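Participant:
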Ligand SMILES: NC(=O)c1ccc[n+]([C@@H]2O[C@H](COP(=O)([O-])OP(=O)(O)OC[C@H]3O[C@@H](n4cnc5c(N)ncnc54)[C@H](OP(=O)(O)O)[C@@H]3O)[C@@H](O)[C@H]2O)c1
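Numbering (this note's numbering), first residue to last: 9 to 308.
This is the structure we're talking about:
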């Protein structure tokens, strides 16, 4: 199949491009940096000014849309919040609008979304039927997914993959945490009782392939392992695998002071998300256990 991937320069997108090529697919990407667009494997777009090279969609069988301004890059000023929303919602609308005007639209469009849509739910187990939260990430998720689900389902199958924390040593949260944990200065954030919904990058790529290949998978899909753990377990397990102590605790007030609303919504939020749809449709995780996942990720 010919697959168009947005966010192909990012953590998930760059690994996904290689994964899909190994499976025999043709992969083309959309990038904002014009100088990277070679007009054969990479095409230019600028979602905020509604520009999309029309050639990019030619003969495409499926779209995987991962692009979006990084959620955890800094404190959420009003300007950043606008960018977080617009980079996701307007880019999805742009792609969906172009698809709708095609005689032969792609068979599927898979969008990134996030389990942040559920908000902070304490110990409550949440699955794809749980309603979204009313906070910023909840409403961002609703607008992002709605822009996708507005597509005609009879022409294009749509899936919103609600990612948890994607674990990789090449980027994202784990790469950022590793230096301090390796120095024995790893810390438990907040009370440590907040649930962390996690998944390895390898299982993320396999879950995306699963959604592409299974015509019965549609709508929102939680992309997390069935074994979320509390942050204190997450941090202590990482310390144990690295053979380093984890004795520090950063109180919630300090997290809020340093990171503001972003810290409260991402680092202190508790989400015990369950991958009901993936399991119901026969997906098997390579890394369902956190200790084994860390051992595998850190063995190189
Ligand atoms: N990684 C995780 O743990 C995680 C968890 C939950 C949800 N997600 C979601 O999954 C998606 C992919 O995650 P990732 O970790 O691979 O992200 P990433 O490494 O931050 O990459 C995101 C990509 O989006 C594009 N981008 C950045 N800012 C943009 C903007 N203002 N407008 C349009 N495009 C922009 C960039 O592509 P170009 O610069 O080439 O255009 C970049 O390659 C994101 O939407 C993210 O929110 C990720």
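Every residue gets a Cβ at the ideal spot worked out from N, C-alpha and C, and that includes glycine. Predicted model only: the values in this text are computed from it and were never measured.
1. Starting from residue 278 and walking both ways along the alpha helix (DSSP H), at which residues does that stretch end?
2. Got a sec? Which residues, its chain only, sit under 7 Å from residue 202 by beta carbon, not counting five neighbours each side?
3. Quickly, what does DSSP pair residue 167 with across the bridge? List them, please.
4. Under the rule that 16 or more other beta-carbon atoms within 10 Å means buried, what is residue 130, buried or exposed?
5. Can you confirm whether the region 69 to 78 touches the region 95 to 115 when touching is taken to mean that 3 or more C-beta pairs between the two stretches lie within less than 8 Å?
6. Which whole runs of the alpha helix (DSSP H) in the region 122 to 178 are 4 residues long or more, in chain order?
7. In angstroms, rounded to a whole number, what distance separates the CA positions of residue 120 and residue 230?
8. Using three-state DSSP, classify residue 68 as helix, strand or coil.
9. Taking the C-alpha atoms as reference points, what is the distance between residue 183 and residue 210?
10. Taking only three categories from DSSP, how would you classify residue 213?
11. Could you tell me the distance, in whole angstroms, from the CA atom of residue 251 to the CA atom of residue 206?
12. Identify, in the order they occur along the chain, each residue of the same chain with its Cβ nearer than 6 Å to the Cβ of residue 151, setting aside the five sequence neighbours on each side.
13. Just list the residues that DSSP pairs residue 11 with in beta bridges.
14. Could you tell me if residue 113 is buried or exposed, where buried requires 16 or more neighbouring beta carbons within 10 angstroms of its beta carbon?
15. Helix, strand or coil: which one does DSSP assign to residue 110?
16. Which residue marks the beginning of the alpha helix (DSSP H) containing residue 80, and which one marks its end?
17. Buried or exposed: which applies to residue 87, given that a residue is buried once 16 or more other Cβ atoms fall within 10 Å of its Cβ?
18. Quick one: measure Cβ to Cβ for residue 271 and residue 264, integer angstroms, because I've assumed they're closer than 8 Å.
19. Using the DSSP secondary-structure output, state which residues sit across from residue 54 in a beta bridge.
20. Return helix, strand or coil for residue 16, following the three-state DSSP convention.
21. With a threshold of 7 Å on Cβ separation, who are the neighbours of residue 224 within its own chain once the five nearest residues in sequence on each side are excluded?
22. Whole angstroms is fine: what's the gap from residue 80's alpha carbon to residue 243's?
23. What does a CB cutoff of less than 7 Å around residue 180 pick up in its chain, not counting 5 residues either side in sequence?
24. DSSP three-state label for residue 305, please.
25. Going along the chain, which unbroken runs of the alpha helix (DSSP H) with 4 or more residues stay wholly within the region 255 to 299?
26. Can you tell me whether residue 202 is helix, strand or coil according to DSSP?
27. What do you reckon, is the C-beta of residue 125 under 6 Å from a heavy atom of ligand 1?
28. Give me the Cα-Cα distance between residue 21 and residue 192, rounded to the nearest whole angstrom.
29. Would you kindly work out how many angstroms separate the C-alpha atoms of residue 195 and residue 135, rounded to a whole number?
Facilitator: With the given structure in hand:
1. As a position in the chain shown, residue 278 is number 270, starting the count at 1. First-last for residue 278: undefined, no H or E at that position.
2. In the chain shown, counting from the first residue as 1, residue 202 sits at position 194. Cβ neighbours of residue 202 within its own chain (closer than 7 Å, five residues either side excluded): 238, 239, 276, 277, 278.
3. Counting from one through the chain shown, the residue named residue 167 turns up at place 159. In DSSP, residue 167 forms a bridge with 118, 227.
4. Position 122 of the chain shown holds residue 130. By the Cβ-count criterion, residue 130 is exposed, with fewer than 16 other Cβ atoms from all chains shown falling within 10 Å of its own Cβ.
5. Yes: the two stretches touch, three or more of their Cβ pairs being nearer than 8 Å.
6. Within the region 122 to 178, the complete alpha helix (DSSP H) runs of at least 4 residues are 144 to 157.
7. Position 112 of the chain shown, counted from the first residue, corresponds to residue 120. Position 222 of the chain shown, counted from the first residue, corresponds to residue 230. Rounded to whole angstroms, the separation of the alpha carbons of residue 230 and residue 120 is 11 Å.
8. Translated into the one-based positions of the chain shown, residue 68 becomes position 60. If DSSP states are grouped into helix, strand and coil, residue 68 belongs with coil.
9. On the chain shown, residue 183 is found 175 positions in, with the first residue counted as 1. On the chain shown, residue 210 is found 202 positions in, with the first residue counted as 1. Going by the C-alpha atoms only, they are around 15 Å apart.
10. Residue numbering aside, residue 213 sits at position 205 when the chain shown is read from its first letter. Reduced to three states, the DSSP call for residue 213 is helix.
11. Counting from 1 along the chain shown, the entry for residue 251 is found at position 243. Counting from 1 along the chain shown, the entry for residue 206 is found at position 198. Distance between the alpha carbons of residue 251 and residue 206 is about 21 Å.
12. For this step, residue 151 is matched to residue 143 along the chain shown. Spatial neighbours of residue 151 in its own chain (CB-CB distance under 6 Å, excluding positions within 5 residues in sequence) are listed in chain order as 97.
13. Mapped onto the chain shown, residue 11 falls at position 3. DSSP lists 35, 70 as the bridge partner or partners of residue 11.
14. By one-based count along the chain shown, residue 113 stands at place 105. Residue 113 should be labelled buried.
15. Counted from its first residue, the chain shown places residue 110 at position 102. Three-state DSSP puts residue 110 in coil, outside helix and strand.
16. As a working mapping, residue 80 is identified with position 72 in the chain shown. Segment: none, residue 80 is in no alpha helix (DSSP H) and carries neither H nor E.
17. Residue numbering aside, residue 87 sits at position 79 when the chain shown is read from its first letter. Exposed.
18. Numbered from 1 along the chain shown, position 263 holds the residue referred to as residue 271. Numbered from 1 along the chain shown, position 256 holds the residue referred to as residue 264. Right, their Cβ atoms sit about 6 Å apart.
19. The residue given as residue 54 occupies position 46 in the chain shown. Partner(s): 59.
20. For the purposes of this step, residue 16 is taken as residue 8 along the chain shown, with counting starting at 1. DSSP, reduced to helix, strand and coil, places residue 16 outside both helices and strands of the structure shown, so it counts as coil.
21. Taking the first residue of the chain shown as position 1, residue 224 is located at position 216. Excluding sequence neighbours, residue 224 sits near 289.
22. In the chain shown, counting from the first residue as 1, residue 80 sits at position 72. In the chain shown, counting from the first residue as 1, residue 243 sits at position 235. Those two C-alpha atoms are separated by around 19 Å.
23. In the chain shown, counting from the first residue as 1, residue 180 sits at position 172. Taken in chain order, the residues that qualify are 19, 174.
24. Mapped onto the chain shown, residue 305 falls at position 297. For residue 305, the secondary structure class from DSSP, reduced to helix, strand or coil, is helix.
25. Runs found: 260 to 274, 284 to 288.
26. For the purposes of this step, residue 202 is identified with residue 194 of the chain shown, where counting begins at 1. DSSP, read as helix, strand or coil, puts residue 202 in coil.
27. The count along the chain shown starts at 1 and reaches residue 125 at position 117. For ligand 1, no non-hydrogen atom lies closer than 6 Å to the CB of residue 125.
28. One-based indexing of the chain shown puts residue 21 at position 13. One-based indexing of the chain shown puts residue 192 at position 184. Each residue's Cα considered, the two are about 32 Å apart.
29. Numbered from 1 along the chain shown, position 187 holds the residue referred to as residue 195. Numbered from 1 along the chain shown, position 127 holds the residue referred to as residue 135. Those two C-alpha atoms are separated by around 29 Å.
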